[in-house]
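In full-length UniProt numbering, the protein residues as written are 1 to 525.
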């Protein structure tokens, strides 16, 4: 179906128009697209107001087909489009115009009728489990490699002596459950899919496997590790460097917001391992500053986020540039069916170490909710908690960057010492804030889900979900900030009337009961 012409506006940290030069027509950094039709577009008698989608300027933009998930299209009726429909946009480039124009689009499989959300919970546990079981059993042993070995000590794993020294110096004494099962198959060069709760040592699992297999006499990139955020990539770099301290490993983090020339200089001098975010890593590969010829290990950390629509294309682009024979490791606290299904496309008979949905535990973390009738009452409730309870360090999660700034100002105006971080801050500022928080000089951190992915701060004892997460899977990533590696922690969830459905979804997803916060909270935390 052809529609009316609409304009495309580039939205990102800074807005730039495309240059008119022949060779370089796409200088803008990846950001958002906003589709603004010149006239309402009729789809099943409902006009589309606008849609937005990720885009990637690393490819020739005019030759790219960009997809918008209809769940992110807003309709005039106020309901979100659900299901498997996709809006496919076609773009053309004109050097005579100051910006691109949308010339045509089509709706595929778009049955817009009856798409308003049903009453009650949107999470269907039976459907989720059925899809996961169908996926895991689709090919049986033809796809997965069976592996049942459990090693109860690091000394039994056949690791190099200097790697063991690094592991023990880092503070590990006994391997966690995922480490007991996951380190050895990765060290053997097998593809692995591993899932375990946040704070149980997944990062050390694949870092140990990578360090065990490196040829330290060859100062070429032999392992590539990707994470969804800069902070996570830098955390992995620190763990890799610490565990490999006695091995002489050379590690570098390639992340956005840092100097491209510095990345190029370090890569040209030679490294064993590159850790990074997809955008910067692909840029280094495209510039041929990162040579893929010797890469033999490819690791995706927080794979559910990495393989979501925002990163999937970039992961495929990077994977296509790597050697054909390569070991792949996929690690995450949650592994939804969609992410697991995608891994089939580039894994070879992987060892599967998965935790079923009803086996996802939040052991060591006490979970409570507080009924807050109105959004405006959350601030007073939060301040009451901090005035009542003695806390070592805590993290407060909200859902938007704007609310991070708003809540930070409100807490400071009430004489609470807090710091904050979100994606709009420059990299240096974020690094300083995280350094202060890890050192303990800052005790309360307000953030978005940016921090929910793999940031290891051992002293965090309390997580407050000022806003409940928009996806049940993110709940585990958030509250996993407390109770790290066997320590005790507490999670408190603020629940308005609009949040009751999500609280129910979370309890069903993890098969847990979240109780109301008792009056003697100071005695519990």
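For each residue, glycine too, the CB sits at the ideal point set by N, CA and C.
Out of curiosity, what's the CA-to-CA distance linking residue i and residue j?
i	j	result
residue 297	residue 210	7 Å
residue 247	residue 462	36 Å
residue 492	residue 512	14 Å
residue 472	residue 449	13 Å
residue 529	residue 234	Here the chain has residues from 1 to 525 only, and residue 529 is not among them.
residue 206	residue 299	8 Å
residue 385	residue 464	10 Å
residue 334	residue 196	7 Å
residue 466	residue 162	44 Å
residue 157	residue 183	8 Å
residue 505	residue 368	15 Å
residue 366	residue 257	37 Å
residue 490	residue 267	42 Å
residue 40	residue 402	Residue placement at residue 40 is flagged as unreliable, the pLDDT there being 38, under the threshold of 50; the coordinate-derived value follows with that caveat. So the alpha carbons of these two residues sit roughly 30 Å apart.
residue 383	residue 149	49 Å
residue 501	residue 476	17 Å
residue 251	residue 276	11 Å
residue 516	residue 322	51 Å
residue 503	residue 212	43 Å
residue 520	residue 510	26 Å
residue 315	residue 287	17 Å
residue 498	residue 470	12 Å
residue 279	residue 228	10 Å
residue 304	residue 160	31 Å
residue 437	residue 444	8 Å
residue 348	residue 144	8 Å
In three-state terms, what does DSSP make of residue i?
i	result
residue 171	coil
residue 147	coil
residue 375	helix
residue 18	With a pLDDT of only 34 at residue 18, under 50, the local geometry of the prediction cannot be trusted, and no value is derived from it.
residue 475	helix
residue 183	helix
residue 468	coil
residue 203	helix
residue 461	strand
residue 480	coil
residue 153	coil
residue 358	Note that residue 358 scores 47 on pLDDT, short of 50, meaning its location in the model is unreliable and no value can be drawn from it.
Can you pull the DSSP bridge partners for residue i?
i	result
residue 192	329, 351
residue 177	Paired residues: none, contrary to the question.
residue 159	According to DSSP, which records beta bridges pairwise, residue 159 is partnered with nothing at all.
residue 447	397, 421
Measure the Cβ-Cβ separation of residue i and residue j and say whether it is below 8 Å.
i	j	result
residue 328	residue 215	no
residue 167	residue 203	no
residue 522	residue 388	yes
residue 232	residue 302	yes
residue 395	residue 422	no
residue 413	residue 442	no
residue 289	residue 317	no
residue 351	residue 185	yes
residue 295	residue 221	yes
residue 240	residue 271	no
residue 255	residue 371	no
residue 152	residue 179	no
residue 532	residue 169	This structure does not reach residue 532, given that the chain is present from 1 up to 525, and the question cannot be answered.
residue 478	residue 346	no
Practice problem: Identify every run of the alpha helix (DSSP H) within the region 272 to 355, keeping only runs that are complete inside it and at least 4 residues long; order them along the chain. | Solution: 278 to 286, 303 to 306, 309 to 320, 337 to 343
Quiz prompt | Entirely enclosed alpha helix (DSSP H) segments - the region 210 to 269, minimum 4 residues | solution = 230 to 243, 260 to 269
Quiz item: Which ranges does the beta strand (DSSP E) cover as unbroken runs of at least 3 residues, wholly within the region 364 to 444, from first to last along the chain?
Solution: 365 to 371, 393 to 397, 419 to 421
Practice problem: Please list the segments of the alpha helix (DSSP H) lying wholly inside the region 484 to 525, counting only runs of 4 or more residues, in order along the chain. | Solution: 500 to 510, 521 to 524
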